[in-house]
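Chains A, B and C, in that order, are what the protein sequence lines are.
Numbered by the working numbering, the letters in the first sequence go through residues 1 to 392 in order.
Numbered by the working numbering, the letters in the second sequence go through residues 1001 to 1095 in order.
Numbered by the working numbering, the letters in the third sequence go through residues 2001 to 2306 in order.
Just so it is clear, CB atoms sit at the ideal spot from N, CA and C, and this is done for glycine as well.
Quick caveat: nothing in here was measured; it's all calculated off a predicted structure.
This report refers to the structure that appears directly beneath it.
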Amino acid sequence: MSRIMGLTGDGAVAYAVKQCKVDVVAAYPITPQTLIVEEFSEYVHNGEVHTEFICVESEHSAMSACVGASLTGARVFTATASQGLALMHEILYIASSLRCPIVMGVVNRTLSAPINIHCDHSDMMGSRDCGWIQVFVENAQEAYDWVIQAFRIAEDPDVLLPVAVNLDAFILSHSLEGVKVLADADVERFVSTRKPVFTIDPDKPITVGPICFTDYFFETKRQHVEAMNNSPKTISKVNDEFAELTGRRYGFIDAYEMDDAEAAIICLGSTAGTAMAVAKKLRGEGKRVGVIKPWVYRPFPAEQIIDACKDLKALAVLDRACSIGATYGPLCNDVTAALYKENVRLNVFNVIYGLGGRDITPFDIEAIFNEALEIAKTGMIREPIKFVGVRE
Amino acid sequence: MSEESKPGWRSIPIAGIILEPGSAMKYKTGDWRAFRPVIDDEKCTYCLLCWIYCPDGAIIREEKTVRVNYDYCKGCGICANECPVKAITMVEEKK
Amino acid sequence: MVRLRDLPAEELFTSGHRLCAGCGAGIIARMTMKALRGPTVVVNATGCLEVASTIYPYTAWKVSWVHVAFENAAAVASGIEAAYKALMRRNAWGKKVDIIAFAGDGGTFDIGIQALSGALERGHDFLYICYDNEAYMNTGIQRSGATPHGAATTTSPAGTKIPGKPEFKKDLIGICAAHGIEYAATASPAYWNDYITKVRKALEVEGPAVIHVFSPCPVGMRFDSSKSIEVARLAVQTRYWPVYEVENGRYKLNIKVPKPKPVSEFLKLQGRFKHLFQPKFKHVIDEIQMHVDENWERITKLCGEA
């Protein structure tokens, strides 16, 4: 039977990992992921889980140990944030290229310098090309739900890619919510035990991680791209099964009031929740606005986003990270590329916000909606890239 | 193998894994050498030092003798240098 | 102690690898594979052994083998060890698997020291073998923390002003022993019996064990490929490379060298020390000899062999 537990975002992740009967966790603490490892340690030390918890000496070793454990056939989880994610960067590529179905919680905290422990998406964006499936959640409920789904997606023999579940630092990680949790037996049945496709079994020796010269490397990368491109089938299948189990329906994007929207905001993470609340208020005033919240960021849900935008006249893409020196922020680069590829001409402007945990308020969001509505009316973009919330 | 005959991305195992243990045996390193070791069976005491010291496993250990596997021997000369009874001579490979 | 004829004939590290002719690492890998006691998984850090033995689609390994990156062999081994424990606990795996991590001096002394230290401190059950060719040989003979004083490498060349590497070699076994592990030892492939016995002994330890083995490199140390074992023997006979073991903090000297040859006998065989034989740098040879003597005295004192 499901029940409601008061859990922080981090707590929800730890609880999901516990229920998924993970074999090995190798993790290093970093604010604000710390609650995940701390709560999980309590489960371990109280015998509530039989997980081998390796208190590694750095995040680089965390991901390295995870790769070793995953290749052995174990179900593996880790969590990190910010500098920790950056430190394990080289191993992220190796983990996905070696097709290790690791699940990782990333508590999105900005990358230094200056050092700052608060929320923005620069950490995951800095590693967005690492070949992992990447999911962003809006609240603790989604964090819980996606961690459970992540194990199924990652370990599916048609996928075999690691999955990162991103949740906003402090806003989600440390805020208490009522989370509907499933019964242990239900989760156990949903995720089952891992059935590895290949392992470093000493009875069937294989070589993993050889050097591939110019004559073979490209083929392995092509396979990796294919795996990522094929993953939507599995993601949808898992979302369907999860909906059947819980009634909570996930997909590639959450489209809020998009059917007849003229202007919309697209953004990742908790800000989408604020945007939806503002959109609801504006709808009450007769304004035709909507919100697109991608859950799945990689593989990029181009098709779903374009479908949601089909009658749209103006789109504000909110980026909680910069891609310094690029045309737009990372999400906006992805969105505009998708639009261009399908020949969809839509007025888009980019809003960079919330860096280093700078708050974005309903007031700010309302102004963004109004600007988008203005563009929907006039067809003219005054400021293609805006910085909202920074003091000039 | 020519470029055309190498397998494409659809046919090789994923993740660059090599499924056949010891497949390096298909790669004969014997053509590396400039000198080849020749064992004088008369002098050989079957001490097996050449066998244990060979970096390439190119000394085959048989029932009462050792012989060189010229498919792989790189001609390093360690066996000849270490043989306690000087039963191995390094002979130049003829071109 | 074993007899050569009692060692298994099967080669779990096969021919066909592309290590240089005369490579110490090849000798060490083959010898190690003769000492296995059961199912084994090998973790290999980036370096000569890894690269030359697994050029896709060829692998010289007949045991399960994994390479992840350069500095993390010990961390990967930790993950594998933990995974087997977890799998055994839920009855998904039934037998003991030995884990051997191979890394060069590059992947151990310098970039790999953190992962090694962490794994030792956490007490994972695995054997870590550092094959030490005293430089980053695979990338072109650059100096490492294991390069000895005076040696010429491409980043510590024998210049007119600075004759080779100014710094001295780190004491790896001292560092490992300081972690309180049950077994740490040095070895030389010239003494095959000592090495193979140590590998088996180390595998039988329940917990971390480290073996630091001298790996002669004809190309980087610059000597004729036929001399690898001779150099490895001289290293020991000049007391340059003391062969000892540390069991639970107790030091024991395995190879006594009552009449040591002068270290110059070892140096003169190798091109990397050639520059030291010029009159203006001869004092460096004296420094090396002094350091060898001091180190020998320190080790033998610890071994109770004053």
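Residue i to residue j span [Cα, whole Å]
i, j, result
"A/ARG38", "C/GLY2150", "Residue 38 of chain A is actually Glu in this sequence, not Arg. So the alpha carbons of these two residues sit roughly 49 Å apart."
"A/GLU285", "A/ILE365", "15 Å"
"C/SER2144", "C/GLU2265", "23 Å"
"A/ARG378", "A/ALA367", "Looking at the sequence shown, residue 378 of chain A is not Arg but Thr. When rounded, the distance between both Cα atoms is 16 Å."
"C/GLU2247", "C/ILE2181", "8 Å"
"A/SER41", "C/ALA2209", "27 Å"
"A/GLU90", "A/MET63", "10 Å"
"C/MET2031", "C/ASN2044", "16 Å"
"C/GLU2245", "C/ALA2025", "21 Å"
"A/HIS50", "C/ALA2086", "7 Å"
"C/ARG2218", "B/CYS1050", "A small correction: the amino acid at residue 2218 of chain C is Pro; Arg does not occupy that position in the sequence shown. The straight-line gap from Cα to Cα measures roughly 18 Å."
"A/LEU98", "B/ALA1015", "5 Å"
"A/GLY126", "C/PRO2189", "46 Å"
"C/GLY2016", "C/ASP2125", "31 Å"
"A/SER112", "A/SER82", "8 Å"
"C/ALA2009", "B/ALA1024", "18 Å"
"A/GLY290", "A/ILE375", "15 Å"
"C/GLN2289", "C/ILE2113", "27 Å"
"A/GLU262", "A/SER122", "30 Å"
"C/TRP2296", "B/ILE1060", "39 Å"
"B/LYS1094", "B/TRP1032", "13 Å"
Contacting residues, own chain, Cβ-Cβ under 7 Å from residue i (five flanking each side not counted)
i, result
"B/LYS1176", "Here chain B covers residues 1001 to 1095 and nothing more, so residue 1176 of chain B does not appear."
"C/ASN2138", "GLY2047, CYS2048, VAL2051"
"A/VAL163", "VAL103, TRP132, ILE133, VAL135, ALA150, ILE153, ALA154"
"A/VAL197", "PRO157, LEU160"
"A/ILE36", "ASP10, VAL13, ALA14, ALA79, GLY105"
Cut-off 6 Å between Cβ atoms - residues of its own chain near residue i, not counting five sequence neighbours on either side
i, result
"C/TRP2065", "VAL2042"
"A/ALA74", "ASP23, VAL24"
"C/HIS2179", "LEU2120, GLU2121"
"A/TYR328", "ASN350"
Closer than 8 Å to chain A by CB, residue i
i, result
"B/GLY1057", "no"
"B/LYS1094", "no"
"C/LEU2203", "no"
"B/LYS1006", "yes"
"C/ARG2090", "yes"
"B/LEU1019", "yes"
"B/ILE1052", "no"
Test: residue i CB closer than 8 Å to a CB of chain B
i, result
"C/SER2228", "yes"
"C/TRP2241", "no"
"C/MET2031", "yes"
"C/SER2215", "no"
"A/VAL103", "no"
"A/SER97", "yes"
"A/CYS332", "no"
Spatial neighbours of residue i in its chain, beta-carbon cut-off 8 Å, leaving aside the 5 residues before and after
i, result
"A/ARG345", "LEU339"
C-beta neighbour in chain C for residue i, strict 8 Å
i, result
"A/THR51", "yes"
"A/ALA69", "yes"
"B/LYS1076", "The sequence shown places Cys at residue 1076 of chain B, not Lys. At least one chain C Cβ lies under 8 Å of B/CYS1076."
"A/TYR216", "yes"
"A/GLU262", "no"
"B/SER1023", "yes"
"A/ALA26", "yes"
"A/ASP129", "no"
"B/THR1065", "no"
"A/GLU90", "yes"
"A/GLU57", "yes"
Contact test: residue i Cβ vs the ligand ATP heavy atom, cutoff 7 Å
i, result
"C/THR2054", "No copy of the ligand ATP appears in this structure; indeed no ligand is present at all."
- prompt: Using a Cβ cut-off of 8 Å, which residues of the stretch 150-180 of chain A contact any Cβ in chain B, in chain order?
  reply: LEU160
task: Enumerate, from N- to C-terminal direction, the unbroken alpha helix (DSSP H) stretches of 4 or more residues contained entirely within the stretch 2081-2165 of chain C.
output: 2113-2122
query: In chain order, which continuous runs of the beta strand (DSSP E) of length 3 or greater are located wholly inside the stretch 70-113 of chain A?
result: 76-80, 103-108
query: Which residue spans inside the stretch 2181-2264 of chain C form an unbroken alpha helix (DSSP H) run of at least 4?
result: 2192-2204, 2218-2221, 2228-2237
task: Check each residue of the stretch 217-245 of chain A: if its Cβ is closer than 7 Å to any Cβ of chain B, include it; give the result in chain order.
output: GLU219, THR220, ARG222, GLN223
Any beta strand (DSSP E) of 3 or more consecutive residues that is wholly inside the stretch 1007-1064 of chain B: 1035-1039, 1059-1061
message: Please identify, using Cβ separations under 9 Å, the residues of the stretch 2002-2014 of chain C that lie next to chain B, in order along the chain.
response: ARG2003, LEU2004, ARG2005, LEU2007, ALA2009, GLU2011, LEU2012, PHE2013, THR2014
query: What are the complete beta strand (DSSP E) segments, minimum 3 residues, inside the stretch 283-342 of chain A?
result: 289-294, 296-298, 314-319
- prompt: Looking at chain B, which residues of the stretch 2039-2070 of chain C have a Cβ within less than 9 Å of any of its Cβ atoms?
  reply: SER2053, THR2054, ILE2055, TYR2056, PRO2057, TYR2058, THR2059, ALA2060, TRP2061, LYS2062, VAL2063, SER2064, TRP2065
field: Proximal residues, the stretch 2073-2084 of chain C versus chain A, C-beta separation under 9 Å
entry: ALA2073, ALA2074, ALA2075, VAL2076, ALA2077, SER2078, GLY2079, ILE2080, GLU2081, ALA2082, ALA2083, TYR2084
- prompt: Taking a cut of 8 Å between CB atoms, which residues from the stretch 199-212 of chain A lie near chain B?
  reply: PRO205, ILE206, THR207, VAL208, GLY209, PRO210, CYS212
task: Could I get the ranges of all uninterrupted beta strand (DSSP E) runs contained in the stretch 124-204 of chain A, with 3 residues as the minimum, in chain order?
output: 133-136, 163-168, 176-181
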